[in-house]
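S.K.: So that we are looking at the same thing, I have put the structure below in structure tokens.
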Amino acid sequence: MKTLKDSSEIQEAARILDELAGPAAWSPPRTPGFMRRSAPQPAPAPRQPPSRPSAPAAPTQLPPPPPEGETRGARLENVLYAMCKRGGFIGAVIADDDGLPLAVFNSPVQEEAISAFTIVLGDALSKAAKLLDQHDANNISMDINYTDKVVLRRFFINEIPSYLMVICSQEVDERGEIELSIDQVAGILHAR
54 MKTLKDSSEI QEAARILDEL AGPAAWSPPR TPGFMRRSAP QPAPAPRQPP SRPSAPAAPT
114 QLPPPPPEGE TRGARLENVL YAMCKRGGFI GAVIADDDGL PLAVFNSPVQ EEAISAFTIV
174 LGDALSKAAK LLDQHDANNI SMDINYTDKV VLRRFFINEI PSYLMVICSQ EVDERGEIEL
234 SIDQVAGILH AR
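For the sequence shown, the residue numbers in the working numbering are 54 to 245.
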């Protein structure tokens, strides 16, 4: 029986997450068929996860806001900057349904890689929604490591899906800030 973790989109998301966060931060579950048997080893001491901060930690220093401009891209970047500043997010990206970045703010990797990851998570969200018969599902969240997560929110412009993804602390409740920012983004994208 196939499970959701066996889907190619989830596996691709895990591969990209591994590239984003590095191999020390996260590793996919091991498949029993690929483990080598060896002589019994003494049981390792239980791992203790690093202690979590008691309050959400805002990024230590956000880059300066994008320059004011009349272009749609500059206005979208300004929305992302304001959202990250208000919500304490590390970075954010808006991507269209083809995986093209419409705006990126403070990405830890290249724009193309982060927007490709957005589309992979978007496909996983769509398939999970169909599998679970929850067709209105528009959010997916994935822990990157013990302290950070990525959150994807799908929204529609003229019935075409677009995606807003943020990188933030696991302690942050990002939902309200994302909804506010999506309203602003939709206003900019509708005013083509």
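By construction, the Cβ of each residue, glycine as well, lies at the ideal position given by its N, Cα and C atoms.
Would you tell me roughly how many angstroms separate the C-alpha atoms of residue 214 and residue 199, rounded to the nearest one?
M.R.: Roughly 30 Å between the two C-alpha positions.
S.K.: Please determine whether the Cβ atom of residue 184 lies at a distance below 7 Å from any heavy atom of the ligand MN.
M.R.: As presented, the structure is devoid of all ligands, the ligand MN included, so that no description of it is given.
S.K.: Which value, in whole angstroms, describes the spacing of the CA atoms of residue 159 and residue 138?
M.R.: Approximately 11 Å, taken between the alpha carbons.
S.K.: Are there 16 or more other CB atoms within 10 angstroms of the CB of residue 209, so buried, or fewer, so exposed?
M.R.: Exposed.
S.K.: Would you say the segment 211-226 touches the segment 140-152, given that touching needs at least three Cβ pairs under 8 Å?
M.R.: Touching, per the Cβ criterion.
S.K.: Which residues bound the alpha helix (DSSP H) around residue 199?
M.R.: Premise fails: residue 199 is in no alpha helix (DSSP H) and is neither H nor E.
S.K.: So, at 8 Å on beta carbons, what are the nonlocal neighbours of residue 239 in its own chain, with the 5 sequence-adjacent residues on each side left out?
M.R.: Result list for residue 239: 208, 210, in chain order.
S.K.: Can you tell me whether residue 230 is buried or exposed, with buried defined as 16 or more other CB within 10 angstroms of its CB?
M.R.: Classification of residue 230: buried, given that the 10 Å Cβ count is 16 or more.
S.K.: Pull up the CB-CB distance for residue 154 and residue 220, whole angstroms please, since I reckon it's below 8 Å.
M.R.: About 14 Å separates the two Cβ atoms, so there is no contact after all.
S.K.: Could you give the distance in angstroms between the alpha-carbon of residue 190 and the alpha-carbon of residue 179?
M.R.: Spanning the two alpha carbons is a distance of roughly 8 Å.
S.K.: Assign residue 130 to one of two classes, buried (16 or more other C-beta atoms within 10 Å of its C-beta) or exposed (fewer than that).
M.R.: By the neighbour-count rule (16 or more Cβ atoms within 10 Å), residue 130 is buried.
S.K.: Assign residue 244 to buried or exposed, taking buried as 16 or more other Cβ atoms, counted over all protein chains shown, within 10 Å of its Cβ.
M.R.: Exposed.
S.K.: Whose C-beta lies closer than 8 Å to the C-beta of residue 241 among residues of the same chain, with five residues either side of it excluded?
M.R.: The residues are 125, 128, 129, 132.
S.K.: In the DSSP assignment, find the unbroken beta strand (DSSP E) run with residue 144 in it and report its ends.
M.R.: Start and end: 144-149.
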